[in-house]
Structures are given as C-alpha cells and as structure tokens.
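In order, the protein sequence lines correspond to chains A and B. Its first residue numbered 1, the first sequence is counted upward by one per residue in the numbering used here. Its first residue numbered 10001, the second sequence is counted upward by one per residue in the numbering used here. Glycine residues also receive a C-beta, built at the ideal position from the N, C-alpha and C atoms. To start, the structure itself, in structure tokens.
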Amino acid sequence: MERKYWKDIDELKETSSFLESRDQEFPVENSVEEFLSDENLQESSAGRRDFLKFLGFTVAAATVAACEAPVTKAIPYVNKPENVTPGMPTWYASTYYDGNSYASIVIKTREGRPILIKGNKDFGITHGNMNPQIAASVLSLYDSERLTRPRINGVGGSYSDLDKNVISELKSAKKVVILSNTIISPSMNEAILNLGESIGVDKTEHIQYDAVSYAGIRNANKISFEGLTDEFTGSGIIPSYDFTKAKTVISIGADFLNSWLLPTQFSGQYGFSRNPDGEWMSKHFHFESVMSITGSNADVRGMIKPSEQKNVLSFMLKAFGVNTGVDNKLNPITKKKVEEAISSLKTSGSQSLVVCGSNETSLQVLTNKLNSVIGAYKVTINVNNPIHLFKSEDEKMGAFVEDIIKGTVPEAVIFYGVNPVYTLSNGSEFGKGVQKIKTSVSMSLYADETASLCKYVASDLHPLESWNDHRPVENHFSIAQPTIRPLHSTASALESMLVWAGKAKRAGKDSKVSYDFIRGLWEEKGFQDPSQDKYNDFESYWNIIVHNSSANMIGVAPEEVAFNSDSLKSLKFKEYPGDREIVLYQKAGMGIGLQANNPWLQEMPDPMTKVTWDNCITMNPVEMDGYATTFDQENGLNLAKVKVGNAELTLPVYPLPGQTPGTIGIALGYGRGGNGEKIGKAAYQTKEYGGYEMNENGNPKPIGQNAFKLVNISNGTFSFSTSGSIERLDEMYPIAATQIHSTVMGRHSVVRETTLDIYKSKDKQAYNPDHTLQKLDENGHHVDAPMKDFDLWDAHPVEKIGHRWAMTIDLNSCFGCGTCLIACQAENNVPVVGKTEVRKGREMHWLRIDRYFASDEEATIGLRKKHNKSKMEWFADAENPALNPKVVHQPMMCHHCNHAPCETVCPVAATTHSNEGLNQMTYNRCIGTRYCANNCPYKVRRFNWFNYPSYKAQAEINPAQDDLGRMVLNPDVTVRTRGVMEKCSMCVQNIQASKLKAKVEGRAVTDQDTSSACGDACPAGAITFGDWNDIKSMVRKSADDKRSYQALEEIGVKPNVWFKVKVRNEENKELDALQVVKESHHQGHEDAHGAGHVSEGHGEHSNH
Amino acid sequence: MFRDISKWCFGALALLLFTGPFKAQAQGDALFKAKCATCHQVFKDGTGPKLYEVRQKWTDGGAAEGSIFQWVNNWKNAVAIDPYAKTVSNWSETAMSAFPELSKEQITSIFDWVDSQEQATTKNGGDPLSVSAVEQESSLSWAWIIMGVIFVVIILAVGGVRRQLKAASSEMEGKAIDDDMTYTDELKQWAWANRKVVVVGIISIVLGLVVALFLSLYSVGLVENYQPSQPISFPHSVHAGTNAIDCKYCHNSVTKSKSAGLPTVNVCMNCHKQISGETPEQQEQIQKIYDAAGYDPSGAGRYTGDTKEIIWNRVHVLPDHVYFNHSQHVEVGGVDCKQCHGDMEKMMETAKVQTIEDLNKVEGNIQLSKTTLTMGWCIECHKEKEISNGTLDTKKDGYYDEIHKRLMDGDKELYGKYLEDGKVTVMELGGWECAKCHY
C-alpha cells in the first residue's frame, strides 16, 4: 500500500489527454516529415520528394566538403598572463550582488572567459549557497544587447562629452537626487558622499529604493526597539536570523528559501536544521497564500489569506498572554494548525524563530512582539549583526515619485541600479516625469525602461566585470573582483561617481580607478579593524582578502533587547476590500525581472507551477469553476482579467493546489521591455518558427505581464498584496509547462517519505523496506530474496575494479529551488529550445526536478475511493487532495544503471557502459532511433530535435546563436547537433579532470577532487557525488545509509543513483498508518510464508 | 661528382689526422651550447659579449695570464686579481653566472670551437632556410599531361594512317569504299565482334570504379601529410635539432593542460631578443616575431608596446566531439612527443601531420598500422601501450596503487587476465571506452 503521488490535476484524475501524452512520449503530430512539409514554414515549403533531393545533395556536398579539411587558426598570446594556462580553468573568488540577490561565489574562467559560477563554500556568509539567478548571471554577462558605450540623448557618445556635461549640469542644478537600490558597498557609499561634497551637500539627496521593499521590517524595528537605527539612513535595522538554532520555525508568508531577505544564507542554515539524524530536527510551520518553495517544504502548511496574517499572529500572541486587540478569528482548519504551532513554540521556547514576509509595519511589530515573548532575541535573532540589504525608504520614495509626476522635479536625478519606470505601479506617469527632468543620468547596463528615457546613460559594468566591495551584514565585508576585461567601452558606476566628484580621471578599459579607490578605502578603514592584526602589512592582508573574497569582523553574540510595548498601541492594518485577495510573489528564476532577458531563467520550469516562458494567475483548482483546470498542451488555459483599481492584467489562470481559496497569486518580474526598449533578445515572445510576436505598437511583445502595476503604498510602505476582482475571459492561452512531461508511468515507488516519529522509533523496514522478489530455493520453495540477487543481464564489473561513480540525493534537503538545473545547463552546454518546443515536450534539460503533490486521499493507485459525487462536488470536498497537498521535490537525471535498459536496445552501440559505472553517450555514433529513450524507466533521455545553435526558431533565445553568447559555452563539452540523444553524463568531463589531477599528483582520487555541477550548486548539500568504490567516500557512506533507496529498484536496473527517504517532522496519522501497515504487512507476509514453508516442508517429509 | 669525392677525401684525411682535436672541438661545441649559448654568441654581442677570439682580446687588453679561466669559473675571483677583468665586468650590468665545474681543458675546448667558427656571411651551406622544398609534384603532373597529349596525337595520327591504308587497300582490292562509316560505327562493329572481351572489360571497369569510390570514401577526412602554410617559416630542425631545445620549453603547457600550447611571443623573445638572424632570410622571419612582440631591435632594443598577434594555421585539428588531453599522455602516460608528432628534430619546416610510415620509422615508437589521427590509430595505441609492466603497484604511483589494491581485493581473476601478457594496457583499464574521449 502506498500513498499516491501526482504531478498535476491531469494525472490525479487521469484525463484522456494525460493518458495520451503519457503513452506517447514523442508526439506523432509533430513528426519531422510533417514539420518539413508545413506550409507555414516559408523557407522550407518543400515536399517530401524535395526533401529527399535536398538530402541527397547535402550528403554529396558534405562528402565533397569533407575531403578538404577546413583551415583552423590558432593565435597564441603575445604576452601570456601568468595565471592562465590555455586549456585549463582558472577559478576566482568573488561576490555577486545585483540589488536583490547576494552570494559569495567562485567563478570558473577558461582563457579569460567566465563560464560557470559556483557558490563559495569556504568563505563568506552564504557558505556556498546561491540561487538560479546568480548561477545564470554568467550568461547575462554575454548579452549582446547590453549598452556598448555611453549614450547621450539616446545615441552613442563618448565619456569625455558625457562627463563634461554631467559635471557642469550637476554643479549648476539646484537640487540633485541620487536614486539607487540599496547600496551595501562601503566604497560606493563613500563615492556618493564625495559626489555630494563636490556638488554641495545641502542640495544633494540620496534615496534608496528597492523594487521589492522590506521597509516594513525596518520601520517595525525602529518602533519596537528604541535606539536600534541604521547609521546611514536613520531607519530601523533588519536583524540577522539564525535558522540553525531554531527548533521551531514559523513563517507567515516569508518565502525565506527563495526570495525573502537573504535566502542564499537562510537556505543553507535551514538545510542544516533539517537533518533527521541530528540531535534534533526543526519543525516548520508555514502559513501562506500562494504555494511557495518554502511552504512546499514545511511540515505543517496552513492556507491563509494576506488579510489573515494579523489574525494568525494575534492568535499566537494571545496564547502567550499578550492581548493585542487585533482580530484573531481563524477558520477551524487553520486554527488547528496554529494551535499545533503554538504548542511547538512553547516546547522549544527561545530556540524558535517567527518570520513574517509582509512589508506591513504593523504585522512586523506583531512578529517582533511574538519573537520577544518567546525569547528569540537571545538565540535566533541577532540585532547586533544587522543585515544591510534592503534599505528601501518607501515613504521618501513615495514623495519623490509624486514630485516627479507632478512635475515639481529636481533638476538632476541620477538613477543607479533602479528601474522605477518598470517597478512602480505608476511607472508610465513617472516615466513622463523623468523626461521633464533637465539632467537625468542612468547607470543601467541596458537601455531599459528608465534608462531609455534618460538624457545620459553612463552604462555600468556587469558584476563579473568590475571591482566592488560589499557589506551584506554588519560583521562581514566582501570583495568582488572582475573575471574578464570589460567587454564593451563602458565603465563601472563607482568610477563614474568618482569622476563626477572630481576624484578621478577616466582611464578606458584598463582603468584602475575603482580598484585604487576600493583598495585605498580598505587600507584606511578595513585594515584598522583589530581582527586583522594577524597580518603584518596591508599588502598581505589585501592579497588574502581578494583571494578569499571576504573578511569577517569580530561579531557580537545575540542579546535580549527590550520591546517597547507602546508600539502595539497604534497598529494599522491594510484593508482588503476587493472580492479577491492578490499576492505578488517572486519566482525562483525570474525574481524581480532583473534578468528577464536570460533564456536559461525563462526556460527554467518554475519550481511550483513548472511553467516556463510565462507568468500566470495561480488559483486553487477547487474554485476554478468554469475555468480550464486540466493541463492541456494544445488549447491551453483560460485567460482572465485581474482588476485592482485602475490597473488591469490579463493572464492565463493556472490551477495550483495549495493556493488559499479566495486568493490568487501573480509572479513579479515579467512584462519587461514592452515599449520597444532593448533589454535583451530573449525577453520577448517568439513565434513558432522564429521572429517576435508584435504588439499593437509594432514592438515585440514581452513575456508575461508586469505585476508591479498592482503594487501600491499602504500605511507608508509598498504593499505586495492587494485585493481586486478577477473576470474569466473566453479566450484560451497556450502555456508551456513541463510538469506532466516524462512521467514515470504510475510507478510511484520513486518517492519515499516518512515521519520523524517513525524514522526514530521503527527500524528501516518500516519506512524504507527492501524490495524483494520471490525465487525458488534449492528445495523448490518460494522464498523472498532481495533485488540484488536477481540479474537479468551479466553484471558489469563496476563494483570490484577502479571507480564506480555514484550520486545520492537527499529528498529531505532538496527544496526544489532549481539552482542545480541552471548549473547543469551552464556546465553541459544544454541548449535552450523556446516555448513552442517546450509545449511539445522537447525541453532539453538533462536534470529535471519532479514536483509531486502527495495526497492521503488514495492509499494506492486503482484503489480510489468510490464516490458518486460530481466532479465539482468532489473538488468542493474539504478532504480534496488538490486543496492543500503535501509536496515532494525530486531531482531526476540519468541513473547510470548498471543494467541499463537503454544500452541493450541501441542498434549502433552509441550508448554503452563504462567500467566506472557510467552510462556513456557517444553522440557521433548516435543515429537518433530514440529506442533508448523509449526504454528508459526514468524518462531522462532527451532527443535533440533541431540544430539549436543555428536553427532560426531559436535565433532569439539560444545563446549559442550569438557571437557573444557563444562565449559562455564550456569548451570541454561537445555542442550536440541535431538528431542525437543526450542526457546527464554525471559531468564526465569533471570526472576525467579529477582523475587526471590525481594521476599527475600521484595519489588516489578523493572527495575533494570529484564534483558534479548540480552537486556543487545545491544550496542545501542534498546532492553527494563521488566514487562509491572508495569506502571512505561521502557518497559510499550516504548510499549505505538506512534512508537510502533506489528509485524503481523493483525493475532491477541497478542504478548508480540513490535517493534518501524524505522525513517530515509532522504528525500524520494517515502516513503513519500506511507505513505501519506496510511494516505489519511485510511481517505478516513473512509469517504467512513461513507457515507455508513449514507445511510444504511437512509435505516433503511425508513424501519421504 | 668531383666535389663530392674531394669532400670524401678531405673527410677521410681529417678523420685520420685530426681525431684528437676534432674530439676536443666536438666537446667545445656541446659545452658552448650547454653553458654559454644562453647569453653569448660567437660573432655578436648579446647579454654577454661575443666570444669570437676572446682570448686574443684579453691578451691584447693586457690581461694577466690565465685570468680568463678564473673569470669563467667565477668572475669575481678574476676581478679581485686582474685589473683587466675589472674593466670587463663593467661591460654590462648583468653579472655572469659562475661555472666552477669547468676545467681549464674544457674552457679551452670551448674557445677553440668558437674560434674555429666562420662568419655566416661567408658560407651558405647548412642553412635550413635556404633549402626550400623543390616542388617536384607539380612538374611531374605537367610531364604527364604533355605525355598524354603526345599519346593522343600519336593515336589519332596512327588511326588516320590506318584509315588511309585501309581505304587504299580496299581500293586495290576493288571493294566499295564505305565512306559513311564513322569512328562510332567502326567501334560498334568492333565491339560486337569482340563482345566477350568488351563485357568482361566493362564489368571490371565498373567494379574497379566502385572499389576506387570506396577507397576514396575511406580516405575522406584523413589528414596525413597535411601541412598548411604558416605565417613564419619556422624551422623545427634548428630549434629542436641543432639547438636541442626541449619541446616542452616552447610548448610548455603540454604537461599541464589539454593543449600543448603554441609558444607565446614572449617565449620566442627569450632567445630572439639576442638572436636576430644571420642571413637576410632568417632576419626577415625573425623580424616577424619582433613585429608581433612590438620590439624594436635597433639600438638598445626596446618594447614599443605596439603588439600584434601571430595567426598560425592549426596542423593537428581534432573534431569537436573528440577530447584529447596532452598532459594525460605526456605527463601521466609518459608518451614521447615523437610517438605522434614524429621526429621534429629533423623537420626543416613547421609541423605537418606525419604519416604512419614515418612515425613507425622513429626509434622507440610503438609500431602502429592505422592512419595517423584516425580513431583506429588512437585505439590501436591504447591497446599496445602499457600503463605498467607487471602489476600496477610497480608503477610506484599513488593513483595506480589504489587501483591495484581494488583489483587485488575485488577481482583477482580479472587482474590475472590483464597480466597475461605481462603488462596492464591502457585498454584494459578502460582506454577503449567511449566517454574517455567523447563527451
């Protein structure tokens, strides 16, 4: 008996379209013949016979052409840089910060080109964690639509003209506003001060503004705790949070594993506290509206509306004897869960943490009170080490925006790291105001929504091209060093600021202005810090800092702070008068849209909805009466119009289980560049055979719609939840979602989970039973035997000799964030295929993350509860599986089976097994029969349908079609051509490199050498990779763990990938019952069998 | 002919009469190259002064007897005792290295050898650049064409004579002259008369063509003898041969990286800052290096900073789907460069893809049969080449010790099979597996 797992409503209900797509892995309606005779295809409007003629000619031409080897050039360096060896990677430690994401990173460069980003595991506060956006930023570096030189009045100009004009205009202006995102760079802050001094301190104002603001937390902390203020802005602080010490984590809508504050730090901390083998495992309660990545990992997930957040907090406070007078009415289901959370809070006391995702000051005050009552400020919250990110001054910004729109504008505005025309709800009016500003200067990388309206654009450098320093939290400083010479004739924003402040002169591409300034500042300030006294001189200190990319200052431990109870008196909460509450959230890939032009991120399936190349309205399927709720690739989903005040958005409605009824969710970051701005080629909707879809103004249509239009200021802060109405349109909209691609054909034994109780108290057989088959023993009796006793084929000798490369994936640590997917794409040159091809199930990702919803409704497939209810009644049922299901994220890639079914069916031996356990794919041998993919039980093989690096349908989106974009390709991995199968190689190029390194150094291969791109990228360390034959290796220990199992072990393919049972820290009677039944069933089976054995034995005896 | 004989006689005489001094000079030659050539040249000042007739110079300058030997052993000792040596030490700021290991006889042999050299301008022989490959192939084909034309003319002429004769004989015999009969008709007639021969002939021609087609298809993509033109006519024989510069000095990433690396211009300049060529041809080629490096050799010699790259044409080009790593082969496998690249010491020009016959002629190479740079060639070598003679632990390498241990513990029988021929080959440890080179 097993729990049922399903990826989608279609699968749950087994709709006909689902069954069809499941059974037809390669849809016939899109055959190559039909494609080639497609009349829409102007260039190849050729019939079948013509095709054969072309084919014949091509073969002949290729043969002739092949006789003459093309001459390839080789250009050696004139002066070889000291640390570059052609053909070998060089790694640099650096730091990534784009105003929204922050992480310490290491960058792999080849011949001076950055090609891969990993988290820095050794230094920095993020401990090797990053997110998909940071991993993908290496591709944004090579975007060919970046500004290549400064612009004056919309046309290219020179820095000398620009500097001359800007300096004189700034000096003569009566008021100058510098509008930037949060600046965490000490040097940039210093430069801005310098600029202010040179043009007059009184007339300069610096406003920091973040597209997604956390001003509510700062305001609340200022009110709640007297004396805790930020030294620069005078606002309150954001303390640092320590999830590693929190035995109970309660999150009210804070998606802290994906977007909230500093997820690159929190996800690692959270992963640490989720170890079921540790002393304790944290218990995570989550109350939210849209099913988020964090919510999907919670032990207990409650569905609340944004307006109910205050009720939850108030209810909990009441349980601790604090009467706030705030409404604390809750529905019974939520109430039960909140009560459970309270009892957990009471048990863990100060070793707890409550976080709230809202930007509402009053909600954050309630959160502070609750944390104060439970004593969290002594343990899990540190006000002495505040976070310096997100210093958005919402009220100041609000006033500034009004000024601009009214036309009472300052004479000069410098925009740095902000794009308010896109991120403000009244962006277009703001844009009109910007055009009236006498001196408007932007430092954007692109001629984006705001920059295209500015008089001067002094384009900044990409974070991988420039020197910078950062102070993400009070006690930590970091350095960002360039890993490539600036690609274009642009200069860093820091340099521009210094030039305008009269502190430096432009020095072209090899400018050392920023470097000298940062170094000077560090010598003056950083080196004075007493924690640096182990260094003799500044030179050695600086070299170490740049090498490591960061420096820690001496920190102060958390200490209790007195809560100012007056702050509870003047609470004001946002009203939600509309009939639908709307939550604006950030997707793991798109975030706030900074890299909307990044095709890797656009094609990355959203961890929850699995939608690519679009944003949608998410709605709970139980209330989608009249909407298309099944996932239909051909017709798509219903469009609906969302209205909030004057703002309107028309988007498809996507059924997302777990969405609070009465609410909808819309992702931010889409709809960029709709007015013909040049923000990158991949940011727009493309047609099926290439070219852009155009909107009514003749501009390319952006992907999705801009949900920032729905943001408004409420009680002094930007609010990311609101209310309005939704109206269903009859129009349908096709979307590309990968969730029902590559199903496992109902073999639900791929996922195993248990509860912490069972895990701790029962033996392995209860939660991770061995698969057994029956066989005849020597007496002709049926006996149970483990899977390893059965061999369909001769075994490959991988367990005895040399290496056996293997991987384990801990389902308990995998949050489903998708960073591994992007890292894999970058490492292995995985092509981008575009929305049309994704809709046909032809995405090329070697690694996919299956997101299963799990319901207790059905114990096992085929045993669905009989009921006579209609479909809608069934949905309306509170016990409905689609209402608030459990979620399991499972990365799935080639399992490198030692008895691989794919290998035996290949007619040309293009896929073979190595004696190191790898399932090898030889592209130049493959003739594309696709038998192997049909035979793969895990559905992880990908067929390369087109010559993606040159086919015109991918011209706008595939980086390999662009001279600059091609620079991101990994030169050690083949760029596959049309007509071959491809799949995960376990990063065989890294395996070979690590073996070579060991051989050169004359030692055995160790864990330190081996890595896979996905394992390196995983923020929570869920993926372990190494040599299974090395008994000391991590992967061997992990694979031998009692939680380890192999997916579909029963089919006997003997894979080299292990999963580890997911352990939930929850009370789940249904799951407990299932697993105890399993145990007793197993036991009973043995007993029954034993009895049979005895009786048969008797029979035999009697025969004698 | 006569000149050759006189050379012969001279050589024999020299061998007979001057064996002693000849030996000493050979020693001087080797010592000069090993110890002095880095800084000194024979006829030209470089880092150090020219050495031609330097003993005479010292004597003329009034140096103390024998102080020149002390100078070579350790110049500071000479400076201490000899005022002339002190003036010599001011020649350049760069101090000379000490060579205490050189005996007086050895130093003398060096000077003897240096003084026996002749100025390059007075001789032409032995200069590799003046020996240009004679393009015989094209003249050969011209000869064929001319011969072909002559044959056709002869055939036509003979045919005409034959027809005339035939006509004449018919006339004599009084037969009707069939003037309308064309060559084609005649051919048809003849073919019908000899149909058996014609059928067999046609079949064999078709078969021959098919065989030829297949053979030519098999040769598609073969690059043996591929030798593209290069921007600089670089004589490997002078660098690797005469001067015995180690391959790894210029191709220095060969032990570290997958690519052997073309020498970067700064590596060329290490030597060519001093060596600017003796003949005009050499100077012209070396000037190209100066242009690339942005070096102005006139006067004191300085870098202008105006560099430009040298664009070479790649000789050994593997397809994109093949991964080849030089350090794996050279550093780990201990394969000599010669195994794949042939004897570059004798290569008068830039590299070419050597034929397998040429590679097999090189002493010490594993004998292979497949065409160079084909996959068959690679895997043939992987089958032959041993990782170790005997068991893996005799290799005294931590990596292979571990593999040895695993085989001993895991599958002794398999290991035994590997060792049947007394060695563990690359193939036996997986050198024939696809993903070793294709990914």
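Query                                                                                                                                        : Result
Selection of the stretch 10256-10270 of chain B by Cβ proximity to chain A, strictly under 7 Å                                               : 10256, 10257, 10258, 10259, 10261, 10262, 10263, 10264, 10265 and 10266
Among A/935, A/788, A/267 and A/718, the one whose alpha carbon lies nearest that of residue 210 of chain A                                  : A/718
Cut-off 7 Å between Cβ atoms - residues of its own chain near residue 1032 of chain A, not counting five sequence neighbours on either side  : none
Minimum Cβ-Cβ distance from residue 974 of chain A to chain B less than 9 Å                                                                  : yes
Residues of the stretch 182-198 of chain A with Cβ closer than 7 Å to any Cβ of chain B, in chain order                                      : none
Exposure of residue 369 of chain A, with buried meaning 16 or more beta-carbon neighbours within 10 Å                                        : buried
Span separating the alpha-carbon of residue 322 of chain A from that of residue 250 of chain A                                               : 18 Å
Candidates A/801, A/939 and A/265, of which the one nearest residue 847 of chain A by Cα                                                     : A/939
Per-residue contacts from residue 922 of chain A into chain B (C-beta, under 8 Å)                                                            : 10434, 10435 and 10438
Those residues which DSSP pairs with residue 288 of chain A across a bridge                                                                  : A/303
Rounded C-alpha distance that separates residue 10233 of chain B from residue 112 of chain A                                                 : 29 Å
Distance, residue 10292 of chain B Cα to residue 951 of chain A Cα                                                                           : 39 Å
Residue 10126 of chain B at chain A interface by Cβ criterion, 9 Å                                                                           : Bear in mind that the predicted position of residue 10126 of chain B carries a pLDDT of just 40, short of 50, making it too unreliable to give a figure here.
Partner residues on chain A for residue 10403 of chain B, Cβ-Cβ distance less than 8 Å                                                       : 801 and 802
Residue interval of the alpha helix (DSSP H) (run including residue 232 of chain A)                                                          : Neither: residue 232 of chain A is in no alpha helix (DSSP H) and is coded neither H nor E.
DSSP state of residue 96 of chain A mapped onto helix, strand, coil                                                                          : strand
Residues that residue 356 of chain A bridges to, as DSSP identifies them                                                                     : A/252
Selection of the stretch 73-94 of chain A by Cβ proximity to chain B, strictly under 9 Å                                                     : 73, 74, 75, 76, 77, 78, 79, 80, 85, 86, 87 and 88
Stretch pair the stretch 926-940 of chain A + the stretch 1047-1056 of chain A: three plus CB contacts closer than 8 Å                       : yes
Residue 707 of chain A - DSSP class collapsed to helix/strand/coil                                                                           : helix
Chain A within 9 Å of residue 10307 of chain B, Cβ atoms only                                                                                : yes
Cβ neighbours of residue 885 of chain A in the same chain (closer than 7 Å, five flanking residues each side left out)                       : 657, 658, 853, 854 and 855
Alpha-carbon spacing of residue 10144 of chain B relative to residue 10154 of chain B, whole angstroms                                       : 15 Å
Proximal residues of chain B, C-beta to C-beta of residue 998 of chain A below 8 Å                                                           : 10398 and 10399
Secondary structure of residue 725 of chain A, DSSP reduced to three states                                                                  : strand
Partner residues on chain A for residue 10313 of chain B, Cβ-Cβ distance less than 8 Å                                                       : 71, 72, 73 and 74
Beta-carbon contacts of residue 103 of chain A that lie in its chain and below 7 Å, excluding the five residues immediately before and after : 96, 119, 126, 129, 130, 134 and 264
Residue-level contact to chain A via CB, residue 10367 of chain B, 9 Å cutoff                                                                : no
Residue-chain proximity (residue 10421 of chain B, chain A), Cβ-Cβ < 9 Å                                                                     : no
Coarse secondary structure for residue 918 of chain A, derived from DSSP in three states                                                     : coil
Terminal residues of the beta strand (DSSP E) in which residue 644 of chain A lies                                                           : 637-644
Helix, strand or coil at residue 611 of chain A [DSSP, three-state]                                                                          : strand
Which residues DSSP lists as bridging residue 652 of chain A, in chain order                                                                 : A/639
Straight-line Cα distance separating residue 835 of chain A from residue 683 of chain A                                                      : 12 Å
Endpoints, alpha helix (DSSP H) assigned at residue 10208 of chain B                                                                         : 10195-10218
Residue environment, residue 1080 of chain A, which counts as buried when at least 16 other CB atoms sit within 10 Å                         : Confidence is the limiting factor: at residue 1080 of chain A the pLDDT is only 47, short of 50, which leaves the residue's position unreliable, though a coordinate-based value still follows. Exposed.
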